[in-house]
Amino acid sequence: MTHHVHVHVRLRDGGSALLRPLAGGEVSVVEAVFEGLSSQSRRRRFLVPMPRLPGGHRRTLADVDGDRHVAWVALVQGVPVGLCRYVRTGADSAELAFEVVDEHQGRGIGSALVDAVTTVARDRGITWLEATVEPGNAASEALLARAGVRLVAADGLLEGRGTPPAVRWSSPVNPRAVLALAAQPASSSSTAAATSSSWRSEPCLATS
Numbered sequence: 250m251t252h253h254v255h256v257h258v259r260l261r262d263g264g265s266a267l268l269r270p271l272a273g274g275e276v277s278v279v280e281a282v283f284e285g286l287s288s289q290s291r292r293r294r295f296l297v298p299m300p301r302l303p304g305g306h307r308r309t310l311a312d313v314d315g316d317r318h319v320a321w322v323a324l325v326q327g328v329p330v331g332l333c334r335y336v337r338t339g340a341d342s343a344e345l346a347f348e349v350v351d352e353h354q355g356r357g358i359g360s361a362l363v364d365a366v367t368t369v370a371r372d373r374g375i376t377w378l379e380a381t382v383e384p385g386n387a388a389s390e391a392l393l394a395r396a397g398v399r400l401v402a403a404d405g406l407l408e409g410r411g412t413p414p415a416v417r418w419s420s421p422v423n424p425r426a427v428l429a430l431a432a433q434p435a436s437s438s439s440t441a442a443a444t445s446s447s448w449r450s451e452p453c454l455a456t457s
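The sequence shown lines up with residues 250 to 457 when you count with the working numbering.
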């Protein structure tokens with residue numbers, strides 16, 4: 250059995266979560282997060298009604314390789330509660346997407362995931378992040394602003410791009426711990442935990 254290394258983060262309400270890269274083929278994690286989304290959250294995430302996640306979508310969302318497609322998962326008490334990912338659209342550009350299950354929205358999990366993934370994106374030479382969201386999704390807009398994306402109205406949606414900023418000092422995520430974990434081979438296993446200080450592929454649903 251593989252034991253993953255994690256980055257520990259403290260949440261706004263005093264709770265904690267563990268972040269780690271999604272391993273290639275971890276369809277069960279993708280499914281678990283999807284099942285925790287309400288119908289509204291699913292529509293906001295995929296921009297169309299999505300009562301169930303088709304098999305092709307599951308495989309695509311779990312097809313990560315650590316460079317072209319990078320995804321991180323947040324776990325609370327061992328249960329997957331959120332995902333954030335980027336998928337390259339060019340040599341220095343990528344599309345950003347994220348979702349947090351309804352039960353854990355508003356705790357800062359989305360912020361932690363976005364900070365982790367944008368840290369990896371900067372390290373991988375990505376200078377432009379792109380995203381598309383529904384108008385009126387304030388949580389999405391706030392998280393995309395955190396990721397450096399500036400949105401404008403386009404064909405009934407909000408689309409934008411921007412340069413991912415350096416992680417701010419107040420982030421719940423320690424960028425050095427994130428990069429150390431991201432540099433490990435996806436197939437490696439360990440029982441240790443990396444700790445932080447307190448310090449399209451698909452359109453996105455964001456929660457802070």
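Beta carbons: idealized from backbone N, C-alpha and C, even for Gly.
Computed from a predicted model, the values in this text were never measured in an experiment.
Check each candidate in the options and name the one with the smallest Cα separation from residue i.
| i | options | result |
| --- | --- | --- |
| Glu390 | Ser419, Arg301 and Arg410 | Arg410 |
| Arg337 | Ala320, Asp404, Leu400 and Val416 | Ala320 |
| Glu352 | Ser287, Ile375 and Gly315 | Ser287 |
What are the partner residues of residue i, as DSSP defines its beta bridges?
| i | result |
| --- | --- |
| His318 | Val336 |
| Val349 | Gly331 |
| Trp377 | Ser342 |
| Ala258 | Just to set this straight, residue 258 is Val in the shown sequence, not Ala. DSSP, once it has assigned bridges, lists Ala266 as partnering Val258. |
Assuming the contact rule is C-beta atoms closer than 8 angstroms, residue i and residue j should be a hit. Round their C-beta distance to whole Å, please.
| i | j | result |
| --- | --- | --- |
| Ala311 | Gly339 | Their Cβ separation, rounded to whole angstroms, is 23 angstroms, which puts Ala311 and Gly339 out of contact at 8 angstroms. |
| Phe347 | Val363 | 6 angstroms |
| Val369 | Leu332 | That pair is no contact at about 14 angstroms. |
| Arg269 | His257 | Their Cβ separation, rounded to whole angstroms, is 10 angstroms, which puts Arg269 and His257 out of contact at 8 angstroms. |
Counting C-beta neighbours from all protein chains within 10 Å, is the total for residue i 16 or more, i.e. buried, or is it exposed?
| i | result |
| --- | --- |
| Ser360 | buried |
| Pro384 | exposed |
| Val350 | buried |
| Leu303 | Leu is not the amino acid found at residue 303; the sequence shown has Pro there. Counting Cβ neighbours within 10 Å, Pro303 comes out exposed, since fewer than 16 surround it. |
| Ser436 | Low confidence applies here, because Ser436 scores a pLDDT of 44, under 50, leaving its location unreliable and the question unanswered by this model. |
Which residues mark the beginning and the end of the alpha helix (DSSP H) in which residue i is found?
| i | result |
| --- | --- |
| His306 | Gly304 to Leu310 |
| Pro298 | No alpha helix (DSSP H) holds Pro298; DSSP gives it neither H nor E. |
For the beta strand (DSSP E) that residue i lies in, which residues bound it at each end?
| i | result |
| --- | --- |
| Glu539 | Look at the range of the chain in this structure, 250 to 457, and you will see that residue 539 is not part of it. |
Within 8 angstroms (strictly less), CB to CB, does residue i reach chain D?
| i | result |
| --- | --- |
| Asp351 | Absent from the structure: chain D. Only one protein chain is present. |
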